[in-house]
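Every number in the numbering used here is 389 more than the matching position in the sequence shown, counting from 1. We treat Cβ as the ideally placed atom computed from N, Cα and C, and that holds for glycine. Every value quoted in this text rests on a predicted model; they were computed, and no experiment measured them. Worksheet: the structure to be examined is printed underneath.
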Amino acid sequence: MAMSLTQADLSTHSLVAESRSQSQCCHSPTTQSHTLGFDEQQQQQQQQQQQQQQPAYFSVTIRQDSLTITLDGTSIFLLSTSLILALQFLQPATVALAIATITAVLFIHNDYQNFIKLGPGGTPSTFGGYLRINWLKLWALRDPFKPLDEEGEEKNGPGPGPGPEQGLLRQKHREPLPHRCGPRPQVVGIAPQRQVNQFGSRECYLALRRILEHHALAHGAEIGVGTSCYEKHGMGLFARYPVNDTCQGEICHVHNSDHSLHMNLHPDDAREIIEKGWGQRHPLTSRSFLFKMPVPRQFTMVYAPRTRDELKVVCDIIEAAGWWVVAKEIRMDLLGEA
């Protein structure tokens, strides 16, 4: 259903201050060195004030720790003594229940801490959010690398959307999607879902944001940028009048922490990026007969770009996401970033 972009509280203004120092991964256009007039200096000061009010860039190291317990000599002695006394004075069933309870509490505490370490996402970082995720985990997708059309879905159009009938990435006028170099990154979590290694660089992340912002400005009648509807954090690209139903017309969003993306793709395009190592399906794209999953069936994770070449490929995939949501091919200007 078509939805006005104003309902998503979208803006085409810049959301982060662009970095002046760029590495060899992604280079920003060099600024011209000339003397600024008084009016230009005033405009520059206003832009700097706006940038200072914008949220600062942040990046975190996402860790997932296994449950480990280290005991020294004193701890081993006390634990052994406690077990012997418990077996002497308590019923065996009571001792077994106590051991099972302590083990369960330690496991839940470690698992909850790993959930918190994933950072902000679509699920609140609270114990209530943790319980909700564990409930959804019961119905989560078991194999994220199994394409949608292999599960009995019609290949050309799951969901209520009217089209398009085929994907974009394999069309003849497009360059073939290359294979991603190296093994896949390790991915954990459901909501949030994050990479825990092979993070993209800060420069590539900022370059991607500049490209998305320019894309929205260049095609302001059709698309815009704003805060992700799915994640409630991070930058999202939206269609003003979506053909296929997504969360307020969201095409894609990029994560501040690991620099990966989530997007809605045609099953043909989702299959292409899975087969060539660029991404995987979201765990909640499985089907449940008890309730509706919070994301569409074609919701896909795309790994963070690590180099200029990978940034170009990711932009091609974003064009495919726009093709699915808007049913129209809208080319992206890479601004010399890739």
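> Taking DSSP as the reference, what is the three-state secondary structure of Phe627?
Replying inline: One-based indexing of the sequence shown puts residue 627 at position 238. When DSSP states are grouped into helix, strand and coil, Phe627 belongs to the strand group.
> How is the beta strand (DSSP E) around Leu650 delimited, first residue to last?
Replying inline: Reading the sequence shown from its first residue, position 261 is the one you call residue 650. Leu650 -> beta strand (DSSP E) spans Leu650 to Asn653.
> Does the separation of the CB atoms of Leu456 and Phe496 fall below 8 Å?
Replying inline: In the sequence shown, counting from the first residue as 1, residue 456 sits at position 67. In the sequence shown, counting from the first residue as 1, residue 496 sits at position 107. Their beta carbons are under 8 Å apart, which means Leu456 touches Phe496 by this criterion.
>> Quick check on this structure: which residue in Ala485, Gln669, Gly511 and Ala482 has the alpha carbon closest to the alpha carbon of Thr683?
In response: Position 294 of the sequence shown, counted from the start, is the residue given in the question as residue 683. According to the sequence provided, residue 683 is Pro. The question's Thr does not apply to it. For Pro683, the closest alpha carbon among the candidates Ala485, Gln669, Gly511 and Ala482 is that of Gly511.
>> Three Cβ pairs or more, each shorter than 8 Å: is that satisfied between the region 639-655 and the region 576-585?
In response: A contact between stretches requires three or more CB pairs, one per stretch, nearer than 8 Å, and the region 639-655 meets this requirement with the region 576-585.
> Rounded C-beta distance between Cys636 and Leu626? I'm assuming under 8 Å.
Replying inline: Position 247 of the sequence shown, counted from the start, is the residue given in the question as residue 636. Position 237 of the sequence shown, counted from the start, is the residue given in the question as residue 626. The Cβ separation is near 12 Å, so there is no contact.
> How is the beta strand (DSSP E) around His642 delimited, first residue to last?
Replying inline: Here residue 642 corresponds to residue number 253 of the sequence shown, with the count starting at 1. Under the DSSP assignment, His642 falls in the beta strand (DSSP E) whose first and last residues are Glu639 to Val643.
> Whose C-beta lies closer than 7 Å to the C-beta of Ile579 among residues of the same chain, with five residues either side of it excluded?
Replying inline: Taking the sequence shown and counting its residues from 1, one reaches residue 579 at position 190. Closer than 7 Å at Cβ, skipping near neighbours: Ile522, Leu525, Lys526, Ala529, Pro672 and Leu673.
> For His416, which three-state DSSP category applies?
Replying inline: As a working note, residue 416 is residue 27 in the sequence shown. Unreliable positioning characterises His416 in this predicted model, as indicated by a pLDDT of 47, which lies under 50. The coordinate reading is nonetheless provided below. Coil at His416, not helix or strand.
> Whose C-alpha, out of Ser675, Ala710, Lys681 and Asp698, is nearest the C-alpha of Asp532?
Replying inline: Locating residue 532 in the sequence shown gives position 143, counting from the first residue. Ranked by how close their Cα comes to the Cα of Asp532, the residues Ser675, Ala710, Lys681 and Asp698 have Ser675 in first place.
> According to the neighbour-count rule (16 or more other Cβ atoms, all chains shown, within 10 Å of its Cβ), is Ser471 buried or exposed?
Replying inline: Counting from one through the sequence shown, the residue named residue 471 turns up at place 82. Exposed: under 16 other Cβ atoms inside 10 Å.
> Can you list, in chain order, the stretches of the alpha helix (DSSP H) that have 4 or more residues and sit fully within the region 450-503?
Replying inline: The qualifying runs are 462-478.
>> Considering only their Cβ atoms, is the gap separating His603 from Leu724 smaller than 8 Å?
In response: Taking the first residue of the sequence shown as 1, we reach residue 724 at position 335. Taking the first residue of the sequence shown as 1, we reach residue 603 at position 214. Yes, the pair counts as a contact, with Cβ atoms nearer than the cut-off.
> Terminal residues of the continuous alpha helix (DSSP H) containing Ile579?
Replying inline: For the purposes of this step, residue 579 is taken as residue 190 along the sequence shown, with counting starting at 1. Counting along the chain, no alpha helix (DSSP H) covers Ile579, and no H or E run does either.
> DSSP on Thr696, reduced to helix/strand/coil?
Replying inline: Counted from its first residue, the sequence shown places residue 696 at position 307. Here Thr696 sits in coil by DSSP.
> Helix, strand or coil for Val703 per DSSP?
Replying inline: Here the question's residue 703 lines up with position 314 in the sequence shown. Correct three-state label for Val703: helix.
>> I need the boundaries of the alpha helix (DSSP H) containing Arg676, first residue and last residue.
In response: Position 287 of the sequence shown, counted from the first residue, corresponds to residue 676. Going by DSSP, Arg676 is part of no alpha helix (DSSP H) at all; its letter is neither H nor E.
> Which of the three DSSP states, helix, strand or coil, is assigned to Arg583?
Replying inline: Along the sequence shown, read from residue 1 onward, the residue named residue 583 stands at position 194. Three-state DSSP puts Arg583 in a strand.
>> Within 10 Å of its beta-carbon, does Thr490 have 16 or more other beta-carbons around it, so buried, or fewer, so exposed?
In response: As a position in the sequence shown, residue 490 is number 101, starting the count at 1. Residue environment for Thr490: exposed (fewer than 16 other C-beta atoms within 10 angstroms of its C-beta).
> Excluding five sequence neighbours on each side, which residues of the same chain lie with their C-beta closer than 7 Å to the C-beta of Val691?
Replying inline: Working through the sequence shown from its first residue, we reach residue 691 at position 302. Taking Val691 as the centre and dropping the five residues before and after it, the same chain places the C-beta of Ser649, Leu650, Met652, Ile662, Trp667, Gly668, Val703 and Ile706 closer than 7 Å to its C-beta, in chain order.
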